[in-house]
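To start, the structure under review is shown below, and the notes come after it.
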Amino acid sequence: MSNSFKNRVFGCAIIKSINSNYNADFSHQPRTLPNGTVYATDKTLKWSVRNYWKKNLNSNVFYSKTFDENMSPRTLDETFESHFGKDIFKISDKNKLRLEVLKSIMSYVDVRLFGGTYAGKTNISIHGACQITHGVNRFRENVIYSEQIMSPFRNPSEKNNDSTMTTLGTQSKLQEGHYVHHFSVNPRNIEDDVKLVGVDGISIDDIEKLKEGLRKGVTYYDSAAKAGTENELLLWVQLKENSKLVLPSFVELVTVKDDKTIDLQKVADVLTKEHVKGEIEKIELYYSIGITKITNEPANAIKMEL
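Heads up: the sequence shown begins at 235 in the numbering used here, then just goes up one per residue.
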């Protein structure tokens, strides 16, 4: 039985954030669109999935910050060498070097699924099988607040009368948010790269890891700033193998009501259209049954615990 995965998938992952900061900007505030709506980049969800694979599943991931013996972040080429050794960079032929680097990094699940750019001793761009959008808060309110925090240590650079005082700081949080990330999976995105270097494409095991990461990765990472941020729902719409169907983004189709109920009516309306429902192999809906309130879920959706 083949272990390759050939189906295309559409879906969404919902991240709940209560008195927390899921994705801060460089001023440490929750990110906001020009209209004030809170959002998160795709990078923060991918990071949480990679972190979960690395820490909980013991999977090798390539695009992850690592440190050298001096506790300095490694460069891209140094990261490659830490995973695959230095011998490949002894190859003088530029085309052969590019192929060998591509073959090496394509052996890692995060590269196959999320792709990436390699701009070091060679240059490679990989269009990953899984594409994730920014997550937009679909809860009506976007209330951001700041609070003062105190360090137990004084600032040694202070030379004024406050030099004997401990340091004060601030942290900003979102009172409540329900971020919706749309995603799609198309194994054919990496088909050319796979054929070029003779490695395996997307496997069923890759897909199971992706599902698990999208269901648990954010909750698994529980830092001080992100305490209160957790996975809330995963909707997985798997098409039949040869389907050419294209579905719209689910972000604007998901509604989170004032009582925290997640309304999937608009998603269900799309999935029950005549030209759509015949193209669907299965619909899976993962959430905390009995805790998360879902209404108007798609017909025939298989409900499972998050």
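Backbone N, C-alpha and C fix where the C-beta goes; we use that ideal spot for every residue, glycine too. None of these values were measured; they are calculated from a predicted model.
Check your understanding: Name the DSSP bridge partner or partners of G451?
Key -> None; G451 has no bridge partner.
Inset, instruction - Since I believe V490 is in contact with G412 (beta carbons under 8 angstroms), could you give me their beta-carbon distance rounded to a whole number of angstroms? - result: It is worth fixing the name first, because residue 412 is His in this sequence and not Gly. Yes, H412 and V490 are in contact; Cβ-Cβ is about 4 angstroms, under 8 angstroms.
Given L481, which residues of its chain have a CB within under 6 angstroms of its CB, disregarding the five upstream and five downstream residues?
F244.
* Compute the Euclidean distance between the alpha carbons of I325 and G270, then round it to the nearest angstrom. => Roughly 51 angstroms separates the two Cα atoms.
Three-state secondary structure (DSSP) at F387? strand
Report task. Output the boundary residues of the beta strand (DSSP E) element that contains N465. Result -> 463 to 473
Per-residue burial, Y256 [other beta carbons within 10 Å of its own, 16 or more giving buried] | buried
Return the residue from the list N253, N241, F239 that minimises the CA-CA distance to K460. N253
* Are three or more beta carbon pairs between the stretch 371 to 391 and the stretch 403 to 417 nearer than 8 angstroms? -> yes
Under 8 angstroms: does the beta carbon of E486 sit that close to some heavy atom of the ligand SAM? Here there are no bound small molecules, and the ligand SAM is not part of this structure.
*CA-CA distance, K429 and V419?*
19 angstroms
- request: Return the Cβ separation of L467 and I496 in integer angstroms, given the expectation that the two are a contact with Cβ distance under 8 angstroms.
  value: Contact annotation, L467 with I496: C-beta distance approximately 6 angstroms; criterion of less than 8 angstroms satisfied.
Taking 8 angstroms as the cut-off, does the stretch 345 to 356 touch the stretch 430 to 441 (at least 3 CB pairs, one atom from each stretch)?
yes
- prompt: Less than 9 angstroms separating the beta-carbons of I536 and I517?
  reply: yes
Best match in H361, H416, G447, D503 for proximity to E425 [C-alpha to C-alpha]
H361
ask   = How big is the Cα-Cα spacing for N292 and Y342?
value = 12 angstroms
Task: Close beta carbons around C364, own chain, < 7 angstroms, minus the five adjacent residues each side - done: Excluding its 5 nearest sequence neighbours in each direction, C364 has C-beta neighbours in its own chain below 7 angstroms: L347, F348, F417, V419, L444, listed in chain order.
N253, DSSP secondary structure in three states: strand
**OP:** Mind reading off the beta-carbon distance from I378 to P532? Whole number of angstroms is fine, and I expect it under 8 angstroms.
**Re:** That pair is no contact at about 33 angstroms.
Between S238 and the rest of its own chain, which residues show a CB-CB distance below 8 angstroms, the 5 nearest in sequence each way excluded?
P421, D434, G435, I436, S437, I438
Exercise for review: Take the Cβ of F387 as the centre, count every other Cβ of all protein chains shown within 10 Å, and call the residue buried at 16 or more, exposed below.
Suggested key: With a 10 Å radius around the Cβ and a threshold of 16 neighbouring Cβ atoms, F387 comes out exposed.
| message | Looking at the strands, I want to know which residues DSSP matches up with T356. | response | Its beta-bridge partners do not exist; DSSP assigns none.
| query | Under 9 angstroms between the Cβ atoms of H415 and V485? | reply | Result yes, Cβ atoms of H415 and V485 sit closer than 9 angstroms.
| query | Who are the Cβ neighbours of Y352 in its own chain at under 6 angstroms, not counting the five residues just before and after it? | reply | I358
**Request:** Please report the residue range of the beta strand (DSSP E) in which K516 lies.
**Result:** Counting along the chain, K516 sits inside the beta strand (DSSP E) bounded by residues 514 to 521.
Tell me the rounded alpha-carbon separation between H368 and S483. 11 angstroms
What would DSSP say about N237, mapped onto helix, strand or coil?
coil
Discussion item. By alpha-carbon positions, which one of H262, G512, E464 ends up nearest to T526?
Written reply: E464
Counted within 10 angstroms of its Cβ, other Cβ atoms place Y521 as buried (16 or more) or exposed
By the 10 Å Cβ count, Y521 comes out buried.
When you compare the CB positions of T401 and S385, do they come within less than 9 angstroms of one another, or not? yes
Are any of the Cβ atoms in chain D nearer than 9 angstroms to that of V488?
-> No chain D appears in this structure, which consists of one protein chain only.
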